[in-house]
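These notes concern the structure reproduced below.
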Amino acid sequence: MSRPLMLMAIALLALPLLAWAMPHLELEVRLDPATRQFSAQATLSDPQGLKGVHLGQEFEITELKLDDQPAKSRRWRDGTRKIEIAYRGTLKPTPALDHREVLAQRGGTASPEGSFLPASSGWYPDPGALFTHRVTLHLPAGQKGLVPGTLVEESDTPQGYRAVFDFPHPADALELMAGPYVVSERSLKLADKTVRIRTWFHPELKDFAQAYLDDSARYLERYSKLIGPYPFGMFSVVSSPTPTGYGMPTLTYLGRDVIRLPFIRATSLGHEVLHNWWGNGVYPDWQSGNWSEGLTTFMADYAYKEEEGEAAAREMRLGWLRDYAAVPPSEDFALTDFRSRHHGIASIIGYGKAAMVFLMLRDRIGKDAFERGLKLFWQRHRFKTAGWRDLEAAFVEASGQPLREFFRTWVEQPGAPPFKGSDPDFRIWRRVDPQVFPPILREVFVAPKAAVVVTAAALIEPAQALSQRLLDAKAAPIGTILPAQGPLLIIGLSADIDGWLAKNGLPARPFPPRGTAQVWAGRDAKQRPYVVIAAQDAGALLALQRALPHYGRQSWLIFEGPRAADKGVWPPGEEKS
């Protein structure tokens with residue numbers, strides 16, 4: 114989902130004033146994906162109290178007015194009621210990206226296959242505060258587009274596409290998507306309103322539309338009953354040419370390859386729908402930590418596992434603790450310090466630990482009190498910023514129990530207190546002896562000081578390209594000599610890996626050679642984690658770049674080209690009481 118803006122921009126500086134009205138942004142946007150030409154006319158009303166308005170540095174301002182008069186400088190006076198900016202620019206082409214690169218993408222991109230302008234690209238004048246907006250979008254014939262909000266006008270003619278979207282609620286960001294979409298639609302009647310549900314899919318995905326419409330409706334009904342009324346009048350599922358997974362107010366933006374996957378409607382779709390309450394309906398207080406990802410993971414991903422059965426739920430809890438066992442204590446941090454998922458450790462804490470904390474809270478105060486607390490939190494903070502202390506207050510009131518020590522221990526402090534006792538079902542967040550868990554790839558992938566070792570100098574270049582996709586430690590040293598300590602990523606050719614392992618005192622390959630590449634995790638005699646990648650040739654190594662980063666929870670894989678033909682997890686050990 115969209116997170117705090119990091120804009121390098123042209124600043125229109127203002128003297129601080131008490132803002133009596135929320136800024137309102139009117140945008141008229143024209144985009145030609147074929148030429149990547151972008152132009153816009155923006156009007157920002159009620160800018161009092163703003164420290165500045167920020168626009169991406171790649172855009173050229175062609176006109177600037179203050180209260181209908183040409184501006185003589187980029188400063189405005191007290192009492193200015195309206196800022197008008199005309200600007201234009203050429204967007205970058207939409208690249209072929211993997212998932213990690215998409216998460217790191219900041220600039221706006223355009224092509225006939227799909228255009229995406231994230232808030233971080235600075236494509237609109239950002240007031241740096243919550244604002245409302247109304248956007249009119251113009252596109253060439255054959256293209257359709259949208260922004261978060263309710264569709265209030267739309268025309269699609271041989272001359273082009275025009276749509277108007279209105280968002281009267283406080284927003285902290287604004288994104289734009291466009292593509293050669295086929296639109297399908299249904300309506301959902303809820304207790305307080307009728308919601309318009311749409312899919313905006315690439316033509317080859319049109320047969321998936323009805324299932325996505327129906328499942329979206331099911332999730333909207335589910336969470337409206339559990340939390341409170343759905344806060345918007347529209348919900349859309351939009352396909353992207355790149356492997357995205359974003360949740361925004363009124364919509365989710367998913368990679369078109371992801372949409373085809375059979376499990377997405379049963380998992381990720383519900384997670385993204387729920388973000389319309391947590392994250393896009395109540396805004397996290399970034400200074401005190403992002404609670405929304407953990408609560409959404411608990412009420413979506415984990416809740417669906419509970420509905421499958423206790424075995425599935427236990428396996429997810431075990432997975433969270435297995436991931437946590439791979440986090441070095443020096444890299445651990447408190448939930449109040451989590452902002453967004455920018456590497457594996459942040460995900461383990463901000464998603465996994467936070468979800469487990471909500472589970473422990475529900476176990477402590479009971480399901481009924483927990484659900485009353487959710488409703489109370491929603492009622493108090495809808496379209497407002499809220500933090501962990503606000504969650505605590507809602508659950509204290511709902512349960513009648515003091516919870517200060519609970520939140521201090523599990524939210525405000527890093528790590529977990531020493532655990533002594535029995536927890537066979539893994540319902541308490543704690544550091545479990547890593548030897549209890551079988552080795553998995555993620556132990557090395559998230560290690561902050563992993564080293565890359567190649568079995569031959571000729572492999573350094575392809576190994577470097579592959580390791581940059583796999584490791585959080587982007588500056589990992591690479592060489593042909595086995596270091597004395599630290600997690601290892603070992604990359605070699607299948608023909609000579611057995612001799613190299615024996616020469617360096619490491620366990621033998623655990624299965625006969627097969628496929629174009631084999632990957633397995635292990636630990637040496639000193640319990641140092643390592644991952645071995647053995648491939649037929651350099652081309653087989655490079656073929657792993659897109660898929661392998663997604664298999665961190667596996668212990669071993671067999672690849673045929675870029676496809677994982679087989680995979681598994683080694684048997685676990687036993688926890689000592």
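Counting in our numbering, the sequence shown runs from 114 upward without gaps. Glycine included, every Cβ here is placed at the ideal spot set by N, Cα and C.
C-alpha distance - residue i paired with residue j, whole-angstrom precision
i    : j    : result
F520 : L472 : 13 angstroms
P283 : D370 : 32 angstroms
R335 : G262 : 21 angstroms
G346 : P537 : 45 angstroms
R622 : R582 : 24 angstroms
L408 : A570 : 47 angstroms
S61  : M361 : Because the chain in this structure spans residues 114 to 690, residue 61 falls outside the shown range and cannot be described.
L243 : L489 : 23 angstroms
R485 : P515 : 16 angstroms
F348 : D398 : 25 angstroms
L595 : V567 : 9 angstroms
E171 : G221 : 10 angstroms
Y200 : F229 : 18 angstroms
A438 : E673 : 31 angstroms
E420 : M429 : 12 angstroms
R540 : R555 : 22 angstroms
I340 : K497 : 16 angstroms
D211 : P356 : Low confidence applies to D211: its pLDDT is 47, below 50, so where it sits in the model is not reliable, and the reading given next is rough at best. Whole-angstrom Cα-Cα distance: 6 angstroms.
I174 : S152 : 10 angstroms
M412 : R299 : 25 angstroms
D585 : L177 : 43 angstroms
T410 : A424 : 18 angstroms
Residue from the options whose Cα sits closest to the Cα of residue i
i    : options                   : result
A482 : W491, S352, G513 and F496 : G513
V351 : I310, A564, E484 and L339 : I310
V644 : R659, L619, L655 and A651 : L619
I646 : L487, S337 and L601       : L601
G235 : L301, R299, K178 and A155 : A155
T365 : R373, S353 and P551       : S353
R659 : G612, G605 and A578       : A578
K164 : S158, K195, G241 and P356 : G241
L654 : G665, I604, V524 and A286 : I604
P626 : A608, A426 and R641       : A608
T522 : A656, W501, P675 and Y274 : W501
A467 : K480, I478, G479 and S453 : S453
A416 : I462, K480 and G463       : K480
P381 : Y396, K418 and Q400       : Sequence check: residue 381 is Ser here, not Pro. If we check each option's Cα against that of S381, K418 comes out closest.
For residue j and residue i, believed in contact at Cβ under 8 angstroms, the rounded distance
i    : j    : result
L289 : V260 : 5 angstroms
M469 : W542 : 5 angstroms
G258 : L264 : Contact doesn't hold; Cβ gap of about 11 angstroms is too wide.
D445 : G383 : At roughly 29 angstroms, the Cβ-Cβ gap does not stay under 8 angstroms, so D445 and G383 are not in contact.
Q256 : P146 : 6 angstroms
I553 : Q667 : 6 angstroms
A615 : W669 : That pair is no contact at about 19 angstroms.
G392 : G292 : Between G292 and G392 the Cβ distance is about 24 angstroms, and since that is not below 8 angstroms, they are no contact.
D436 : G402 : D436 to G402, Cβ: 19 angstroms. No contact.
V559 : V440 : 7 angstroms
L179 : I196 : 6 angstroms
V386 : Y332 : 4 angstroms
DSSP-derived helix/strand/coil call for residue i
i    : result
W683 : coil
A276 : strand
S668 : coil
K319 : helix
K302 : strand
M347 : strand
R676 : strand
Y415 : helix
E288 : coil
Y336 : helix
G152 : In the sequence as displayed, the identity of residue 152 is Ser instead of Gly. If DSSP states are grouped into helix, strand and coil, S152 belongs with the strands.
Q400 : helix
Burial state of residue i, where buried means 16 or more other Cβ atoms lie within 10 Å
i    : result
F376 : exposed
T203 : exposed
A276 : buried
T593 : exposed
S329 : buried
F550 : buried
L434 : buried
D181 : exposed
L374 : exposed
G681 : exposed
R378 : buried
A134 : exposed
F508 : buried
Chain D within 8 angstroms of residue i, Cβ atoms only
i    : result
A153 : Here chain D cannot be found, since the structure has a single protein chain.
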